[in-house]
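With UniProt numbering, the residue at position 108 of the sequence shown is 143, and numbering never jumps.
Taking it in order: structure first as structure tokens, then the write-up.
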Amino acid sequence: SDPDLVARAQAAKAALGDKVFVLGHHYQRDEVIQFADVTGDSFKLARDAAARPEAEYIVFCGVHFMAESADILTGPDQQVILPDLAAGCSMADMARLTQVEMAWEAMAEAGIAASVVPVTYMNSSADIKAFCGRNGGVVCTSSNAETALTWAFEQHGPDTKVLFLPDQHLGRNTAVLQMGYSLDDCVVWDPHRPHGGLTDEQLRDAKMILWKGHCSVHGRFSPEVVDALRAEIPDINILVHPECRHEVVLKADLVGSTEFIIKTIEAAPAGSAWAIGTELNLVKRLAAAHPDKRIVFLDKTVCYCSTMNRIDLPHFVWAMESLVAGTVVNRIEVDPDTERWALLALERMLALPG
Ligand code: CIZ
Ligand code: SF4
36 SDPDLVARAQ
46 AAKAALGDKV
56 FVLGHHYQRD
66 EVIQFADVTG
76 DSFKLARDAA
86 ARPEAEYIVF
96 CGVHFMAESA
106 DILTGPDQQV
116 ILPDLAAGCS
126 MADMARLTQV
136 EMAWEAMAEA
146 GIAASVVPVT
156 YMNSSADIKA
166 FCGRNGGVVC
176 TSSNAETALT
186 WAFEQHGPDT
196 KVLFLPDQHL
206 GRNTAVLQMG
216 YSLDDCVVWD
226 PHRPHGGLTD
236 EQLRDAKMIL
246 WKGHCSVHGR
256 FSPEVVDALR
266 AEIPDINILV
276 HPECRHEVVL
286 KADLVGSTEF
296 IIKTIEAAPA
306 GSAWAIGTEL
316 NLVKRLAAAH
326 PDKRIVFLDK
336 TVCYCSTMNR
346 IDLPHFVWAM
356 ESLVAGTVVN
366 RIEVDPDTER
376 WALLALERML
386 ALPG
């Protein structure tokens with residue numbers, strides 16, 4: 036990266052001292068991650084931010100929904116800054132509040148809304164988390180999805196159904212591979228079709244109503260590349276994130292969150308071979324940090340997460356130098372009503388066992 040910009044970022048960080056806390060998501064660019072005080076997945080980062088009440092400014096190097104979660108979990112005097120407001124998440128954008136409210140109404144008309152518990156993945160906007168809070172639901176992450184779903188299915192006895200937002204793959208993989216539900220127990224609600232593309236009967240028969248959302252990075256890995264890699268490198272271990280398609284996860288050796296992926300690679304013996312199906316910035320960093328292991332990206336045709344990559348060194352320097360000059364740019368602030376209900380859904384998650 037540009038040495039001049041590196042020096043400017045260092046100077047701004049030194050000038051701000053403890054007033055600023057820089058969070059770096061695992062999928063961020065190296066040029067940005069070098070300035071992070073902590074790295075993590077979205078949930079760990081939100082909790083790390085909450086544990087730093089003395090930091091006036093939280094500079095969140097990640098995407099919009101993560102900065103919202105950090106704002107919800109931090110104190111009212113702490114300001115959360117997203118260096119580029121265009122750093123959204125295509126998955127989170129696939130579930131809009133008005134669409135979810137329409138689906139909820141259709142479920143009420145089908146006579147099932149009273150037994151549906153909405154569960155949203157962390158990768159969703161604050162107003163979707165608030166919808167879950169208002170309607171007896173909960174937030175989950177890729178590490179606690181099974182625990183959250185187990186809790187949800189206990190809410191209304193044996194008739195309970197779950198509306199899982201917004202990632203159909205995490206919902207399906209968790210229900211089918213970890214909890215013993217069948218693919219027939221799952222239906223997909225498509226917000227772009229009338230009545231979700233489902234009949235009332237299909238809604239009534241389903242256990243899991245999966246929102247038709249997916250990650251534009253993880254959703255691109257295919258089962259064919261797994262077969263091709265196994266043919267090429269016979270002793271390869273396939274390690275993927277549960278946002279991958281069901282057919283890919285079925286063919287993998289191990290599946291888990293980014294934190295799980297990192298721990299697995301750290302614990303792997305020297306000389307072992309791994310193909311990793313998650314975001315490319317993280318896979319490259321793992322390969323560089325573990326030269327004694329053979330680490331390849333699961334599919335060379337899959338690209339970086341384009342919105343994660345929007346946070347680059349120029350945007351970071353701009354946000355930091357603005358703070359030095361006394362100007363807060365790109366503040367992410369969730370409105371109080373949304374915050375209250377989203378916090379309830381997050382607190383229900385934090386109260387889950389384990
Ligand atoms: O796919 C993502 O963006 C992930 C895994 C986010 C996170 O850290 O929860
Ligand atoms: Fe969203 Fe996927 Fe990018 Fe994560 S990797 S921010 S889920 S588009």
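Glycine residues also receive a C-beta, built at the ideal position from the N, C-alpha and C atoms.
All figures in this text were calculated on a predicted structure; none of them were measured in a lab.
Cβ neighbour criterion (16 or more within 10 Å) applied to residue i
i    : result
T336 : exposed
P229 : exposed
A287 : buried
P254 : The sequence as given places Gly at residue 254; Pro does not occur at that position. Its Cβ being crowded by 16 or more others within 10 Å, G254 is buried.
P201 : buried
K79  : buried
H99  : buried
S217 : exposed
L37  : Reading off the sequence, residue 37 comes out as Asp, not Leu. Per the 10 Å Cβ criterion, exposed.
T155 : buried
A324 : exposed
T234 : exposed
G75  : buried
A386 : exposed
A302 : exposed
T39  : The sequence given here places Asp at residue 39; Thr does not occur at that position. Exposed, since its Cβ has fewer than 16 Cβ neighbours within 10 Å.
D334 : buried
A143 : exposed
Alpha-carbon spacing of residue i relative to residue j, whole angstroms
i           : j    : result
A138        : L132 : 10 Å
M351        : L108 : Reading the sequence as shown, one finds Phe at residue 351 and not Met. Cα to Cα, F351 sits roughly 22 Å from L108.
V284        : C340 : 20 Å
D72         : M157 : 22 Å
R329        : C338 : 20 Å
T317        : L120 : A small fix is needed here, since residue 317 is Leu in this sequence, not Thr. Approximately 22 Å between the Cα atoms of the pair.
L381        : P269 : 43 Å
V364        : S257 : 40 Å
A187        : R345 : 36 Å
residue 391 : G172 : Within the shown structure, residues of the chain are numbered from 36 to 389, placing residue 391 beyond reach of any answer.
Q45         : S307 : 37 Å
G110        : I93  : 11 Å
D219        : C167 : 25 Å
V331        : N272 : 10 Å
residue 12  : V57  : Within the shown structure, residues of the chain are numbered from 36 to 389, placing residue 12 beyond reach of any answer.
A42         : A360 : 17 Å
M214        : A241 : 15 Å
W246        : F199 : 6 Å
A127        : S357 : 28 Å
H191        : A266 : 47 Å
A105        : E91  : 13 Å
R375        : N170 : 13 Å
A183        : T362 : 40 Å
L379        : D370 : 14 Å
E181        : T299 : 19 Å
L315        : P326 : 17 Å
Contact under 8 Å by Cβ, residue i with residue j
i    : j    : result
E103 : I367 : yes
N179 : G389 : yes
F70  : K54  : no
V152 : T195 : yes
H204 : E278 : yes
A130 : G248 : yes
T313 : H276 : yes
E66  : L348 : yes
S77  : G97  : yes
A141 : G231 : yes
L244 : V197 : The sequence given here places Ile at residue 244; Leu does not occur at that position. Closer than 8 Å, so yes.
G123 : T342 : yes
I297 : L274 : no
Q134 : P226 : yes
A305 : L264 : no
Supposed close pair residue i, residue j - CB separation, criterion 8 Å
i    : j    : result
T176 : S251 : T176 to S251, Cβ: 19 Å. No contact.
M384 : V174 : 5 Å
Below 8 Å, how does it come out for the segment 140–147 and the segment 160–167: are there three or more Cβ pairs, yes or no? Result no; under three Cβ-Cβ pairs closer than 8 Å.
Between the segment 111–127 and the segment 77–91, do three or more beta carbon pairs fall short of 8 Å? yes
Per the contact definition of three or more C-beta pairs closer than 8 Å, is the segment 307–324 in contact with the segment 55–64? yes
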